[in-house]
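Trainee: Its first residue numbered 10, the sequence shown is counted upward by one per residue in this note's numbering. Sharing a structure, written as structure tokens. Questions coming.
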Amino acid sequence: MPWRTSLEPPELVAEDVERAIRALFERSWFETPLSELERNLGRTVPLGREHGFSPVVSCDRVSLPGGDGLSIVYRSSYRPGSEVVTGRLLVPVKEGTFELSVTAMDQMTGVREALALSTSSSGTTPPNFRQIVDDVERDADFPEHCLSRVRAEMRSVLATVEVTESALLPPQQRVSLPHSGVSVVPPPRFGLLSPGTLPMPARHASFSRVGFSVNEAPWLFEVLRLPYEGTEFEGSARAFYGSWARQGVIQKSLLLTPGPAMGSKRTLRASFEGALGDGSSLQSRARWIDRGGEAVMLAMNVEWASAEESAALVDSAAESIEWLTVPAPASQAPTPAPARPWWRFW
10 MPWRTSLEPP
20 ELVAEDVERA
30 IRALFERSWF
40 ETPLSELERN
50 LGRTVPLGRE
60 HGFSPVVSCD
70 RVSLPGGDGL
80 SIVYRSSYRP
90 GSEVVTGRLL
100 VPVKEGTFEL
110 SVTAMDQMTG
120 VREALALSTS
130 SSGTTPPNFR
140 QIVDDVERDA
150 DFPEHCLSRV
160 RAEMRSVLAT
170 VEVTESALLP
180 PQQRVSLPHS
190 GVSVVPPPRF
200 GLLSPGTLPM
210 PARHASFSRV
220 GFSVNEAPWL
230 FEVLRLPYEG
240 TEFEGSARAF
250 YGSWARQGVI
260 QKSLLLTPGP
270 AMGSKRTLRA
280 SFEGALGDGS
290 SLQSRARWID
300 RGGEAVMLAM
310 NVEWASAEES
320 AALVDSAAES
330 IEWLTVPAPA
340 SQAPTPAPAR
350 PWWRFW
């Protein structure tokens, strides 16, 4: 897949993986009707941190011939009669990210948990209950358990993968975007997408940050230079978001408020909430900068982060901006209209 994956910094990688998989786990829970057993037990919400539970079993950087990757093992379902475990390998490569995954499911559940409970002499749940349940040393006792099978398969996979075109993203650093008229330090873990990855003009640069899978919608950080085309600064911003309706976006709310000036340049903060045709949400937080006759927009579009975090990352990137001279356009045939909206990744 074309999305860029960064393996640095490790603490942020682990945080992204945890919350992205947590969102997947909770979505799976609420989309599946409760069983009679769950209703009888009063289990009406998914297991959470308050229960000492994380759906992420392990998240490790691994060394492979020719490059490094990220090996993740997690549960997407964990309830009576349904336990689903997935192992996933992400490897940054020249054209984006290579991904391989294996999944196993059990309908008979609770055997590893029963063993963990049996280690407590008091009959209560031991404080290290999760560690005992998921201990890799227990795999030999339960070779047919879905967690044991996934870990065994991942070991086999890691023994055979060789990276021929590694492309580890460098640490966070300044990126020059001549067609957008700026250079900018993107937020952590964001990698610049190759031109043509998304159906957008050259003046619209996109960066991606992957949580746990390139098949899930990534974070997108975008930098866009937009001529006013006969209207004023705030009107251009409103017209930009209004144009999304022609691409099937249903606008729920749009809030534009004055932002702190950048030298002599005015800025706006934009908060957009909408929905796509399939009912999924579209959230965008942006900073608009007035260059006199044109605007530069920095935006964060993400599903599994808070609005406050998205806005803070945009503000941080905006403060790093340095202005560039926009190159004159080459003489060429007009670029055809994109075949699909910019926000459709499939």
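Ideal placement from N, C-alpha and C gives every residue a C-beta, glycine not left out.
Quick one: residues in its chain with C-beta nearer than 6 Å to the C-beta of Ser165, no 5 flanking neighbours on either side, listed in chain order?
Mentor: Excluding positions up to five away in sequence, the list is empty.
Trainee: Give a yes or no on whether the C-beta atoms belonging to Leu98 and Val170 are separated by under 8 Å.
Mentor: It is a contact, given that the beta carbons lie within the stated cut-off.
Trainee: Suppose you measure from the CA of Ala270 to the CA of Glu331; what does that come to, to the nearest Å?
Mentor: If I take the Cα positions, the gap works out to 15 Å.
Trainee: I'd like to check one pair, Val26 with Thr106: are the Cβ atoms closer than 8 Å?
Mentor: Taking 8 Å as the Cβ cut-off, Thr106 and Val26 do not qualify as a contacting pair.
Trainee: Taking C-beta to C-beta, are Lys390 and Ala161 nearer than 8 Å?
Mentor: Examination of residue 390 is not possible in this model, given that the chain is present from 10 through 355 alone.
Trainee: Would Leu264 pass as a contact of Ser252 if the rule is Cβ separation under 8 Å?
Mentor: No, these two residues do not count as a Cβ contact at 8 Å.
Trainee: Compare the Cα-Cα distances from Pro195 to each of Ser273, Pro336, Met114 and Ser217 and report the closest residue.
Mentor: Checked all of Ser273, Pro336, Met114 and Ser217; the closest Cα to Pro195 is Ser217.
Trainee: Run through the DSSP bridge pairs and tell me what Ala308 is partnered with.
Mentor: Answer is Glu231 and Ala295, bridged to Ala308.
Trainee: Residues bridged to Val94 by DSSP?
Mentor: Partner(s): Arg84 and Ala113.
Trainee: Are at least three pairs of beta-carbons, each pair with one atom in the region 13-28 and one in the region 112-127, less than 8 Å apart?
Mentor: With the cut-off at 8 Å, the region 13-28 and the region 112-127 do not touch.
Trainee: Between Leu307 and Ala326, is the Cβ-Cβ spacing less than 8 Å?
Mentor: A contact, by the Cβ cut-off of 8 Å.
Trainee: Could you give the C-beta distance for Met163 and Val258, rounded to a whole number, given that I count them as a contact under 8 Å?
Mentor: Contact doesn't hold; Cβ gap of about 39 Å is too wide.
Trainee: So Val232 and Val191 are supposed to be a Cβ contact under 8 Å. How far apart are they, rounded?
Mentor: 6 Å between Cβ atoms; contact.
Trainee: Glu40 by DSSP, collapsed to three states: which one?
Mentor: In this structure, Glu40 counts as helix in the three-state DSSP scheme.
Trainee: Can you look up Trp253 in the DSSP assignment and give me helix, strand or coil?
Mentor: If DSSP states are grouped into helix, strand and coil, Trp253 belongs with the helices.
Trainee: Hey, would you say Ser44 sits closer than 8 Å to Pro89, going by beta carbons?
Mentor: Yes, they are a contact pair.
Trainee: Suppose the cutoff is 8 Å on Cβ atoms and the five residues either side in sequence are ignored; what does the same chain contact list for Phe249 look like?
Mentor: Cβ within range, chain order: Leu235 and Met306.
Trainee: On the DSSP letters alone, give me the boundaries of the alpha helix (DSSP H) that Ala316 sits inside.
Mentor: Ala316 -> alpha helix (DSSP H) spans Ala316 to Glu328.
Trainee: Taking Tyr237 as the reference, which of Lys261, Arg300 and Gly272 has the closest Cα?
Mentor: Residue Arg300 is the option with its Cα nearest to Tyr237.
Trainee: Along the chain, where does the beta strand (DSSP E) that runs through Leu277 open and close?
Mentor: Lys274 to Ala284 is the extent of the beta strand (DSSP E) around Leu277.
Trainee: Determine the extent of the alpha helix (DSSP H) in which Asp143 is found, giving its start and end residues.
Mentor: It spans Phe138 to Asp143 - the alpha helix (DSSP H) in which Asp143 sits, taken as one unbroken run.
Trainee: Tell me where the beta strand (DSSP E) around Leu73 begins and ends.
Mentor: Where Leu73 is concerned, the enclosing beta strand (DSSP E) stretches over Val65 to Leu73.
Trainee: Would DSSP call Val22 helix, strand or coil?
Mentor: Here Val22 sits in helix by DSSP.
Trainee: Suppose the cutoff is 8 Å on Cβ atoms and the five residues either side in sequence are ignored; what does the same chain contact list for Val159 look like?
Mentor: The answer, listed in chain order, is Val82, Val94, Thr95, Gly96, Val111, Thr112 and Ala113.
Trainee: Output yes or no for whether 8 Å exceeds the beta carbon distance between Phe138 and Gly57.
Mentor: Going by C-beta atoms, Phe138 is not nearer than 8 Å to Gly57.
Trainee: Based on the DSSP output, what are the partners of Leu264 in its beta bridges?
Mentor: In DSSP, Leu264 forms a bridge with Ser280.
Trainee: Report the residue from Tyr87, Asn49 and Gln260 whose alpha carbon sits nearest the alpha carbon of Val66.
Mentor: Cα-wise, what sits closest to Val66 is Tyr87.
Trainee: From Ser129, Ser289 and Pro208, pick the residue whose C-alpha is nearest to that of Glu225; which is it?
Mentor: Here the closest residue by C-alpha is Ser289.
Trainee: Please state whether the Cβ-Cβ distance between Ala246 and Trp297 is less than 8 Å.
Mentor: Yes, Cβ-Cβ distance for Ala246 and Trp297 is below 8 Å.
Trainee: Please list, in chain order, all residues of the same chain as Ser37 whose beta carbon is under 6 Å from its beta carbon, the five residues on each side excluded.
Mentor: Ser85 and Ser86, listed in sequence order.
Trainee: Using the Cβ count rule (16 or more neighbours within 10 Å means buried), how would you classify Ala29?
Mentor: Result: buried.
Trainee: For Leu156, which option in Ser129, Glu174 and Val120 has the closest C-alpha, if you only look at C-alpha atoms?
Mentor: Checking every option, the nearest Cα to that of Leu156 belongs to Val120.
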